[in-house]
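Written out below as C-alpha cells is the structure these notes cover.
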Amino acid sequence: MPNATDIPSFATTQLALLSAELTAELAETHLLLSSTGPAALARAGLAILNLALSSQRTGLGGKTVIELTLDAAFAPKGPRGSGGSKGNDGGQDLPEHGIRVGDIVAVSEQPAGAAKKKEKTGLKEKGVEGVVGKVGRERVEVVLGRGSGDGKEEERMNQNMTKLLNMTSSEMTPFISTLFGHSSPTPVPSDLSTMKIEWIDPSLNDSQKDAIRFALASREVALIHGPPGTGKTHTLIELILQMLKQGLRLLVCGPSNISVDNIVERLASHKVPMIRLGHPARLLPSVLNHSLDVLTRTSDAAEIVQDIRKEMDAKQASIRKTRNGREKRTIYNELRELRKEFREREKGCVEGLVRSSKVVLATLHGAGGFHLRNQEFDVVIVDEASQALEAQCWVPLLWLKASRLVLAGDHLQLPPTIKSLNSKESKAKKKEEKGKKDGEKEEGEGKVIKGMTLETTLFDRLLELHGPSIKRMLTTQYRMHETIMRFPSDELYEGKLVAAEAVKERLLTSLPYEVKETEDTKEPLVFWDTQGGDFPEKTEDEEIGKKAGKGMNLGESKSNELEAALVKLHVTNLVEAGLKPEDIAIVTPYNAQERFPGIELGSVDGFQGREKEAVVVSLVRSNAEHEVGFLGEKRRLNVAMTRPKRHLCVIGDSDTVGRGSPFLKRWMLFLEEHADLRYPNVSDVYVDDG
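Position one of the sequence shown corresponds to residue 1 (UniProt numbering), numbered consecutively onward.
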C-alpha cells in the first residue's frame with residue numbers, strides 16, 4: 001500500500017524521539033534541583049522541610065507506609081497556616097505547600113545550613129523515594145517505593161519500540177500489519193442499523209449508538225471521535241457493557257490515572273466484575289475497592305496473606321523497641337523471610353484475582369506490569385487516546401499480543417505535552433541530519449522519518465493512514481450554549497456539532513441558584529476588544545516563567561497588566577450578580593495573571609477535559625508587530641473556547657490576534673458578529689491600588 005509506514009524506520013524514529021524527550025525532562029529536573037536550595041523549593045511549594053517520622057506500618061500490597069509530621073523543635077510560631085498553629089489533636093499544621101496525593105517524592109535527611117556541598121549531596125543520595133498516599137493539615141503519608149509501574153515507563157516504551165524494530169515477518173500479525181498500513185482494515189457493513197442490540201442505556205443519542213455499533217463490528221481497529229461535551233466516556237461505558245454481553249474479555253487503558261478512574265467510577269454502578277491495577281496512592285478514593293491492592297486484602301483468597309501482614313507489623317514494631325544489636329539482626333532476618341513468604345502468597349492471590357476478572361483497567365504503561373504477564377484479552381480500549389504518546393499505546397498492544405483495538409479521543413484538542421520539541425539539541429534532529437548527510441541507515445534497519453514528532457499520536461497516524469472509514473464522530477454536545485459552540489463546530493468539526501435541547505439556550509440566569517439578570521449574565525458570548533494599543537503586553541523574566549508551577553505549559557512568559565485588570569472587572573461583575581466563584585474559571589495561554597479567591601485560574605493545557613459555568617479567556621497578546629506566538633495553535637484555542645457551559649468572555653486585541661493566522665482572523669470576525677462586543681477604556685478598568 002502506498003501509505004504504508006516502514007516499521008523499522010518508525011521504531012528507529014520513536015527511539016530517537018523518546019531519548020530526546022527523556023534528556024529534556026532530566027535536564028529540566030536537574031536544573032531545578034541544582035539551582036534551587038531546599039528553602040527555595042519549600043517557598044515554591046515543591047518541598048516540605050523540618051519533618052519527623054511519627055509512625056510506620058505495612059500498607060496495601062505489603063508496602064511500607066511512613067507518616068511524617070512537623071518536628072515540634074522546628075515549628076515556627078505564627079498565624080494559622082504558617083506552620084505555627086496547633087491542629088485538632090495538638091499537632092503542628094504543615095506550612096503551605098503544593099505536594100499532592102500521587103506525587104512521587106524523595107524523603108531524605110535535611111542538611112544543616114552549614115553543611116558543605118559534598119555532604120548535602122551525600123544526604124540526598126541516602127534518601128528514599130515514595131508516592132504520597134495522604135495529605136492532611138498536620139501530616140503527610142508516603143508509601144515507600146515507586147510501585148511496579150513507576151519509573152519504568154520510558155523503559156517499557158523503549159523495549160516495545162526495540163521489539164518492533166527487530167520484528168520478523170513471521171511475528172507480523174494481521175493486526176500489526178493493519179496498524180502500519182501494510183494491509184487494510186476488514187470492511188464494516190455499510191448499514192449497521194440492522195445490528196440487533198438491546199441498549200443498556202436507552203438515553204444514548206443516534207451518533208453514540210452508531211459509534212458503538214461501528215466499534216462492535218470492527219475487526220481490527222475503530223476510532224471514536226468525541227468532540228468537547230459529546231459524551232465520549234458515556235459512550236465507552238455502553239460499549240464495554242455490550243462487549244461483555246458478547247463474552248469478550250477487555251483491557252481498558254488511558255494515559256493517566258484519572259482517565260482510567262473515571263471509567264472505573266462509571267462501571268461500578270453496573271456491578272461489573274473488574275479489577276483496577278495501579279499504585280493505591282494514585283487512585284481516586286472512590287475506586288479503591290476495585291483496586292488490586294484492596295482486593296488482595298479483602299477477597300476470600302486474601303485471608304492467609306493478612307496473617308503474615310500482621311506478623312510483619314509486629315516485627316517492625318519490635319525492631320523500634322529493641323536496642324540490642326544481635327536481637328535486631330535476628331528480627332531483620334525473620335522479617336526478610338516473612339516478606340518472601342508474603343510475596344509468594346500474594347502473587348498466587350493476585351494471579352487468581354486477575355485471571356477471574358472480565359475487565360482489567362490500568363494506565364497504558366501500567367498494562368505492562370508483571371500482573372498481566374501471560375494474560376490474554378480480546379479487545380484493548382484506550383480512552384483519551386489523543387493525549388497518549390503512541391509508544392505508550394504499544395505497551396498493551398505488544399506486551400499482551402492484542403488483536404483488536406478501540407481508540408477514543410479528540411485529535412483536534414491538545415496533544416501530549418512534549419518538552420523536547422523546543423530542544424535544538426534533540427537527538428532526533430541530530431540523527432535526521434546525520435541521515436541526510438551520509439544516507440546510512442541507523443539503529444538496525446530503520447531510518448529516521450523526517451517530520452515525525454511525539455505529538456503525532458496513534459489516533460492521528462491511523463486517521464492519516466486509513467482515512468475516515470475507521471472513525472465515527474459523536475455529534476450531539478451536552479455542554480455549551482449554541483452560540484459558544486458554533487465557531488469551533490464550523491471551523492474544526494465540519495459544522496456537525498448539534499447542541500442538545502437542554503443546553504442550547506441556557507444562560508447564567510437559569511442556574512439552579514439565583515443570579516441577577518445583568519448585561520453580563522444574559523449574554524452567552526462577550527468579547528472585550530482591546531485594540532488600539534492601550535492594553536500592551538509585556539515580557540516577564542523568563543526564570544519566573546520556568547519556575548512558576550508544576551505541570552503548567554507556560555510557553556513564552558508574557559503578561560498583560562491592563563488585560564488582567566479587565567479580567568478582574570468582568571469577574572467581579574459576575575460575582576456581584578450572584579454567580580458562585582467556584583463556577584468561574586479564568587483561562588490563559590500564558591502565565592496566570594491575577595488570583596481571585598475561590599476562582600480557578602490556569603493554563604489552557606490544565607483545563608483540557610474540564611468545564612465551568614462561566615469561563616473568561618485572556619489572550620494576552622497585544623503588540624505593534626502583530627505577533628501571536630502559540631495563540632496560532634488551533635487545538636489550544638479549541639480547548640479554551642469549549643470549556644464553558646453558559647458564558648464565555650474573550651478578552652483580547654483583535655488587531656494583533658486577527659493577523660496571526662487565517663483561523664484567528666475568522667475567529668475575530670465571528671466574535672465581532674455574534675458576541676456582545678465591547679470596547680474598554682483604560683480609565684474604566686485600571687484601579688491604582690496604591
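Beta carbons: idealized from backbone N, C-alpha and C, even for Gly.
Could you spell out where the alpha helix (DSSP H) holding residue i opens and where it closes?
i, result
"K209", "D206 to A217"
"I263", "N257 to A268"
"A11", "I7 to S35"
"S489", "E482 to L492"
"G181", "Element bounds for G181: n/a, residue is neither H nor E."
"residue 694", "There is simply no residue 694 to check, as the chain begins at 1 and stops at 690 in what is shown."
"Q56", "Per DSSP, Q56 belongs to no alpha helix (DSSP H); it is in the beta strand (DSSP E), L51 to T58."
"V639", "K634 to M641"
"L458", "L458 to H466"
"L68", "Here L68 belongs to no alpha helix (DSSP H); instead the beta strand (DSSP E) covers T64 to L70."
"A39", "P38 to R43"
"V628", "Run containing V628: none; DSSP gives neither H nor E here."
"V685", "V682 to V685"
Specify, as a first and last residue, the run of the beta strand (DSSP E) that residue i falls within.
i, result
"L677", "D676 to R678"
"K522", "Note, K522: premise wrong, no beta strand (DSSP E); not H, not E."
"L224", "Per the sequence presented here, residue 224 reads as Ile, with Leu not at that position. Its beta strand (DSSP E) spans residues V221 to H225."
"P644", "P644 to G652"
"T572", "Here T572 belongs to no beta strand (DSSP E); instead the alpha helix (DSSP H) covers E561 to E576."
"K163", "Premise fails: K163 lies in the alpha helix (DSSP H), E153 to L165, not in any beta strand (DSSP E)."
"A408", "L405 to G409"
"A47", "From DSSP, A47 is part of no beta strand (DSSP E); its letter is neither H nor E."
"V105", "I104 to V107"
"I418", "I418 -> no beta strand (DSSP E), and no H or E assigned at all."
"I275", "M274 to R276"
With a threshold of 7 angstroms on Cβ separation, who are the neighbours of residue i within its own chain once the five nearest residues in sequence on each side are excluded?
i, result
"F535", "N560, L562, E563, S622 and D653"
"V128", "V107 and L144"
"N158", "L15 and L18"
"G598", "P581 and E582"
"R479", "P228, G229, V503, E611 and K645"
"T483", "P524, L525 and H674"
Can you list, in chain order, the residues of its chain whose CB lies under 8 angstroms from that of residue i, leaving out five sequence neighbours each side?
i, result
"G122", "Residue confidence for G122 is low, a pLDDT of 49 falling below 50, so the modelled location carries little weight; the figure read from the coordinates is stated next. If we look at G122 and ignore the five residues flanking it on each side, it has no Cβ neighbours."
"Y513", "G578 and K580"
"L669", "G658"
"V65", "Q56, R57, T58, G59, G133, E141, V142, V143 and L144"
"G181", "M1, N3, A4, T5, L465 and H466"
"V515", "L508, T509, T521, A577, G578 and L579"
"L574", "L508, D520, T521, I584, A614 and H647"
"E153", "H365 and Q392"
So residue i packs on residue j, CB below 8 angstroms; how close in whole Å?
i, j, result
"L283", "D261", "6 angstroms"
"L251", "P396", "6 angstroms"
"H647", "L497", "Their Cβ separation, rounded to whole angstroms, is 19 angstroms, which puts H647 and L497 out of contact at 8 angstroms."
"W24", "K419", "A small correction: the amino acid at residue 24 is Ala; Trp does not occupy that position in the sequence shown. With 8 angstroms as the limit, A24 and K419 qualify as a contact, their Cβ atoms being about 4 angstroms apart."
"I263", "D410", "16 angstroms between Cβ atoms; not a contact."
"R213", "L244", "Actually they are not in contact, since the Cβ atoms of R213 and L244 sit about 16 angstroms apart, beyond 8 angstroms."
"L338", "I308", "6 angstroms"
Which same chain residues, not among the five before or five after residue i, have their C-beta less than 6 angstroms away from its C-beta?
i, result
"R249", "K358, F377 and D378"
"residue 693", "A question about residue 693 goes unanswered here, because the residues of the chain that appear run from 1 up to 690."
"G632", "G660 and S661"
"T178", "P185 and E220"
"N681", "none"
Which residues does DSSP list as the beta-bridge partners of residue i?
i, result
"R472", "I224"
"K450", "Beta-bridge pairing links K450 to no other residue."
"T363", "G254"
"S603", "T588"
"S618", "I651"
"D529", "G652"
"L144", "G130"
"K504", "DSSP output for K504 lists no bridge partner at all."
"P539", "Here residue 539 is Thr; the residue named in the question, Pro, does not match the sequence. Paired residue(s): K558."
"A499", "Q477"
"L139", "Just to set this straight, residue 139 is Arg in the shown sequence, not Leu. DSSP lists T69 as partners of R139."
"K612", "P644"
Any heavy atom of the ligand SAH within a distance shorter than 8 angstroms of the CB on residue i?
i, result
"L292", "This structure lacks the ligand SAH; in fact it carries no ligand of any kind."
Discussion item. Please give the ranges of any alpha helix (DSSP H) in the stretch 375-401, keeping only runs that are unbroken, at least 4 residues long and fully inside the region.
Written reply: 390-399
Item to complete: Identify every run of the alpha helix (DSSP H) within the stretch 290-335, keeping only runs that are complete inside it and at least 4 residues long; order them along the chain.
Response: When DSSP assignments are scanned along the stretch 290-335, the uninterrupted stretches of alpha helix (DSSP H) that are 4 or more residues long and fall wholly within it turn out to be 292-298 and 303-321.
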